[in-house]
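Peer 1: One structure, as structure tokens, below. Some questions next.
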Amino acid sequence: VAPETEAPTEVPAATPEHTRTGMSKASLKQAYIDNLFYIQGRFREVATPHDLYMAAAFTVRDRMLDRWVKSAQVYKTSHARTVCYLSAEYLLGPHLANNLVNLGISEVARRAGEELDLDFEAILEEEEEPGLGNGGLGRLAACYMDSLATVQIPAIGYGIRYEFGIFDQDIQNGWQVERSDTWLRNGNPWEIPRPKISFPVRYGGHTEHSRDQAGRSRVRWVADMVVSGVAFDTPVLGYGVGNVNLLRLWKAEAPESFDFQVFNVGDYYGAVHAKIEAETISKVLYPNDEPEAGKELRLKQQYFFVSCSIQDMIRLHLNTVGPLETFHEKFVAQLNDTHPAIAVAELMRLLMDDHAMPWDAAWDITRNTFCYTNHTLLPEALETWSVALFERLLPRHLEIIYEINRRFLDTVRVRYLGDEARVARMSLIDETGGRRIRMAHLAVVGSRAVNGVAALHSELIKTTILKDFYEMSPERFHNVTNGVTPRRFIVVSNPRLAELITEFCGHDRWIRDLDCLRDLEEHAEDPALQARWREVKTAAKQDLALWLSQHGGVVLDPQTMMFDIQAKRMHEYKRQHLNVLHIIRVYQRLKQNPNLGMVPRAFIFGGKAAPGYYMAKLMIKLINSVAEVINNDPQVNGFIRVAFMADFNVKNGQRLYPAADLSEQISLAGKEASGTGNMKFSMNGALTVGTLDGANIEIRDEVGAENFFLFGMTAEEVRRKQAEGYRPWDYYHGDDELRSDIDLVTSGLFSHGDTNLFRPLADHLINQDPFMVLADYRAYLNCQDRISEVYDRPAEWDRMSILNVARMGKFSSDRSIRDYAERIWGIEPKPIGI
Ligand code: B1N
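Those letters in the sequence shown? Residues 5 to 838, by full-length UniProt numbering.
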């Protein structure tokens with residue numbers, strides 16, 4: 005088994021290829037055996053599935069490294085302007101298949117695997133995905149890293165290397181049960197630890213003000229806790245290019261200088277405790293898609309990764325370009341929501357306190373470095389931190405924030421003489437109730453540009469949460485509509501569709517330029533294409549049905565059933581319960597008329613609930629309870645089935661998107677900032693049933709209103725109805741079917757006779773219904789009836805499906821990144837050849 009004995013026969017002597025870098029089948033095979041032997045210390049006969057995966061991962065990683073080093077060299081020597089994406093979350097998903105695609109060696113690797121008698125799919129399955137994010141915001145950061153490299157923009161993604169990412173979800177007795185995510189347990193072959201790239205991060209203590217010899221005021225921050233942030237680097241390769249960017253995630257450790265003797269004379273346990281406290285900072289991702297009020301550790305996490313990242317940027321700048329006066333010419337830093345907004349104060353602190361820069365110069369640089377993306381209008385998701393907590397944890401930053409605020413409010417007062425109400429509204433400090441720091445205001449004041457993530461959302465920002473700021477400087481407000489990467493969400497997850505598209509849209513041209521999908525348009529009516537289109541969809545549905553039957557046991561019929569899927573975080577504003585009410589309506593109709601001719605449907609759900617979000621967890625229980633009754637009722641289960649896919653994550657998402665006929669995007673208008681699942685489904689040929697919310701509006705504009713199932717109130721109608729005083733009670737009493745559906749929820753039918761279990765959900769709908777489920781119920785049902793009619797006409801449905809895919813070019817994250825680069829960052833591609 006010694007590789008040397010095989011080498012002469014496997015690698016022809018004439019090839020200049022190297023086992024470390026060669027892309028031929030022979031080189032890949034040789035390298036694989038080599039890695040299995042020299043890295044895992046195994047030969048085939050004794051290798052575990054994990055060994056086989058690791059050998060594959062190292063074989064692929066080796067092939068990225070020369071490009072990575074070359075990119076770093078070119079970026080460095082050319083002083084390339086660089087984007088730093090600051091994000092508390094990166095929901096990366098598995099690397100192996102994606103890197104194979106981006107290297108362009110999927111096929112040859114598959115064949116090499118076959119010749120080595122390896123189960124290629126099993127090896128891909130073996131990878132634990134890094135779930136370092138909650139949902140859309142974290143996944144967007146991952147798509148943007150892919151696109152930054154693909155459109156050849158020099159970039160560094162900065163974030164936190166959480167030891168435990170988003171929890172794994174089990175379903176037990178219909179309820180969500182959380183299990184901790186141990187993604188690092190077996191090692192992570194994609195990261196390279198950089199123990200020598202580390203920075204101290206300090207907390208607490210006090211500040212000392214003095215004057216230096218030149219009479220300038222100087223501040224010394226005497227902290228009482230210090231941790232060390234250590235870099236872990238992951239290469240991010242672009243598709244079909246030589247550019248490899250850097251994802252640098254920070255792990256918290258006790259500092260190297262941490263000395264038991266000096267700091268804790270005789271107090272061994274105290275010393276160990278301090279070490280644990282340091283390591284706690286990067287231990288676990290907060291599993292909420294909105295902030296948990298006042299959690300000190302969360303603020304520590306935010307400051308931790310921001311401080312490391314800004315110190316790293318300063319180090320890089322001093323090592324290459326030189327004087328800090330040009331920092332903002334070298335770097336632009338994009339704040340992914342307010343989670344890294346403390347960066348504004350941190351850069352000010354470092355420039356002034358460590359590099360002796362005067363306020364005005366430091367402010368000029370800071371303001372020209374940062375740009376801020378807002379991702380939500382939900383009031384409960386807007387971050388604020390109590391002044392008291394800040395004072396305790398980050399006393400120097402609080403002083404700086406006060407000074408930023410003082411100077412900023414002076415400009416507001418000059419501009420709006422006498423308008424103290426406006427001053428109070430715009431202040432970085434919310435003085436109503438306990439004093440709190442408004443992180444969105446800090447981000448806006450400290451940034452050159454502010455953007456929302458879909459057209460509607462960007463408009464609503466200007467008229468609601470940031471209205472005053474927009475009035476003061478409208479030129480700083482932008483829209484950049486989100487996008488998703490077609491590499492992962494078509495090529496990797498739906499290879500059959502990718503192959504079919506390639507026949508019409510030019511060999512892999514469309515993969516780097518998604519507008520090329522337009523070439524499909526002229527064939528939308530072609531029965532031959534439609535037939536093959538349908539085959540591809542049915543095959544994907546078969547894959548999903550098989551997987552679901554093996555994981556959870558629900559049996560769905562991919563031939564006859566429409567796959568109707570809602571997969572996203574569980575949240576009342578996303579209205580999974582509206583979907584459930586529709587299921588219950590269909591169920592009741594079938595019970596009343598068992599001979600009802602109807603299009604069979606599989607209703608499929610996936611999504612995690614924040615562990616502390618009771619209503620969301622109850623929705624999961626409701627879905628599973630309705631599933632239990634329907635799936636076991638022979639009177640209806642030939643027509644409808646309900647499945648809840650446990651543990652919706654990137655890997656499982658890749659199983660769902662290709663298999664959907666219908667995509668549920670039914671949030672209350674004005675609540676979903678953009679949505680990105682909507683794009684992933686549509687790109688895979690699902691038709692959308694959706695409200696005029698977030699990016700749904702733009703998807704509908706692109707694919708054509710006639711190819712989109714629209715229902716429900718507009719954001720403006722929602723606003724008006726709420727202003728008038730919304731009374732869900734009236735809907736409940738005014739619509740017999742609605743009342744009967746809600747009453748069935750509390751009847752005990754779905755809860756083994758327990759009439760209390762779902763009472764909180766039903767009562768909340770009837771009495772409060774903050775997301776207006778009842779107001780949109782009737783429109784939703786009518787729309788669903790139309791959908792069933794169209795599905796019954798396959799040629800029409802297939803045409804619409806083809807046109808959806810053909811017109812999705814806009815929603816490539818490559819387009820989003822080009823928008824950022826041109827309109828916000830002012831940065832040019834820096835191509836690296838292969
Ligand atoms: O960001 C996505 C959007 O497509 C979604 O519409 C939006 O809901 C999502 C606090 C968030 N907004 N805010 C968050 C996540 C974690 C957290 O701790 C807030 N996520 C979104 C991408 O733009």
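Here a beta-carbon is modelled for each residue, glycine too, at the ideal position from N, C-alpha and C.
(1) So the alpha helix (DSSP H) residue 37 belongs to, where does it begin and stop?
(2) Closer than 7 Å by C-beta to residue 839: which residues in its own chain qualify, once you throw out the five before and the five after it? Chain order, please.
(3) Residues in its own chain within less than 6 Å of residue 161 by CB, not counting five upstream and five downstream?
(4) Please classify residue 64 as buried or exposed, where buried requires at least 16 other C-beta atoms within 10 Å of its C-beta.
(5) Determine the burial state of residue 212: buried for a count of at least 16 other Cβ atoms within 10 Å of its Cβ, exposed for fewer.
(6) Suppose you measure from the CA of residue 296 to the CA of residue 566; what does that come to, to the nearest Å?
(7) Quick check on this structure: which residue in 766, 739, 773 has the alpha carbon closest to the alpha carbon of residue 729?
(8) Check whether the region 378 to 390 touches the region 272 to 290, taking contact to mean three or more Cβ pairs, one atom from each stretch, closer than 8 Å.
(9) Would you call residue 711 buried or exposed, if buried means 16 or more other Cβ atoms sit within 10 Å of its Cβ?
(10) Can you tell which of 661, 190, 633, 666 has the C-alpha that lies nearest to the C-alpha of residue 756?
(11) Using a Cβ-Cβ distance under 7 Å, would residue 96 count as near chain C?
(12) Check each candidate in 351, 552, 531, 562 and name the one with the smallest Cα separation from residue 542.
(13) Over what stretch of residues does the alpha helix (DSSP H) that includes residue 172 continue unbroken?
(14) Put residue 693 into one of helix, strand or coil per three-state DSSP.
(15) Could you check how far apart the C-beta atoms of residue 145 and residue 94 are, in whole angstroms? I think they sit under 8 Å.
(16) Three or more beta-carbon pairs under 8 Å between the region 49 to 67 and the region 133 to 144, yes or no?
(17) Take residue 825 and list the residues in its own chain whose beta-carbon comes closer than 6 Å to its own, dropping the five residues that flank it on each side.
(18) Please report the residue range of the alpha helix (DSSP H) in which residue 284 lies.
(19) Can you say whether residue 280 is buried or exposed, counting buried as having 16 or more other CB atoms within 10 angstroms of its CB?
(20) How about residue 668: is its Cβ closer than 6 Å to a heavy atom in the ligand B1N?
(21) Cα-Cα, which of 199, 783, 764 is closest to residue 714?
(22) For residue 445, which residues from the same chain have a beta carbon less than 8 Å from its beta carbon, with the 5 sequence-adjacent residues on both sides left out?
(23) Does residue 676 come out as helix, strand or coil in the three-state DSSP assignment?
(24) Leaving out five residues before and five after residue 8 in sequence, what residues of the same chain have Cβ atoms less than 6 Å from its Cβ?
(25) Identify, in the order they occur along the chain, each residue of the same chain with its Cβ nearer than 6 Å to the Cβ of residue 5, setting aside the five sequence neighbours on each side.
(26) Please find out if some non-hydrogen atom of the ligand B1N comes closer than 6 Å to the beta-carbon of residue 457.
(27) In whole angstroms, what is the alpha-carbon distance linking residue 829 and residue 484?
(28) Give me the Cβ distance between residue 696 and residue 719, rounded to the nearest whole Å; I'm assuming they're in contact under 8 Å.
(29) Could you give the first and the last residue of the continuous beta strand (DSSP E) run that contains residue 72?
(30) With three or more beta-carbon pairs closer than 8 Å as the criterion, would you say the region 476 to 483 touches the region 502 to 516?
(31) Only counting the same chain, and skipping five residues up and downstream in sequence, which positions put a Cβ closer than 7 Å to that of residue 120?
(32) Would you be able to state if there are at least three C-beta pairs under 8 Å between the region 535 to 554 and the region 588 to 596?
(33) In the structure shown, what three-state DSSP assignment does residue 744 receive?
(34) If you drop the 5 nearest sequence neighbours on each side, which residues of the same chain put their C-beta closer than 6 Å to that of residue 310?
(35) Is the region 218 to 232 in contact with the region 47 to 59, if contact means three or more CB pairs nearer than 8 Å?
(36) Relative to the alpha-carbon of residue 610, which residue among 568, 619, 599 has its alpha-carbon at the smallest distance?
Peer 2: If we stick to the structure as given:
(1) 29 to 42
(2) Outside the shown range of the chain (5 to 838) lies residue 839, about which nothing can therefore be said.
(3) 89, 149, 251
(4) buried
(5) exposed
(6) 39 Å
(7) 773
(8) no
(9) buried
(10) 633
(11) Any reference to chain C falls outside this structure, which holds one protein chain only.
(12) 562
(13) Not the alpha helix (DSSP H): residue 172 falls in the beta strand (DSSP E), residues 172 to 176.
(14) strand
(15) 5 Å
(16) no
(17) 157, 831
(18) 272 to 284
(19) exposed
(20) no
(21) 783
(22) 430, 431, 432, 473
(23) coil
(24) Low confidence applies to residue 8: its pLDDT is 41, below 50, so where it sits in the model is not reliable, and the reading given next is rough at best. Excluding residues within five positions, none has a Cβ falling inside 6 Å.
(25) Below a pLDDT of 50, predicted positions are generally treated as unreliable, and residue 5, at 35, falls in that range; the measurement from the model is reported next regardless. Once the five neighbours on either side are set aside, the close Cβ partners of residue 5 are 47.
(26) yes
(27) 12 Å
(28) 7 Å
(29) Per DSSP, residue 72 belongs to no beta strand (DSSP E); it is in the alpha helix (DSSP H), 53 to 81.
(30) no
(31) 33, 36
(32) no
(33) helix
(34) 344, 346, 347, 350
(35) no
(36) 568
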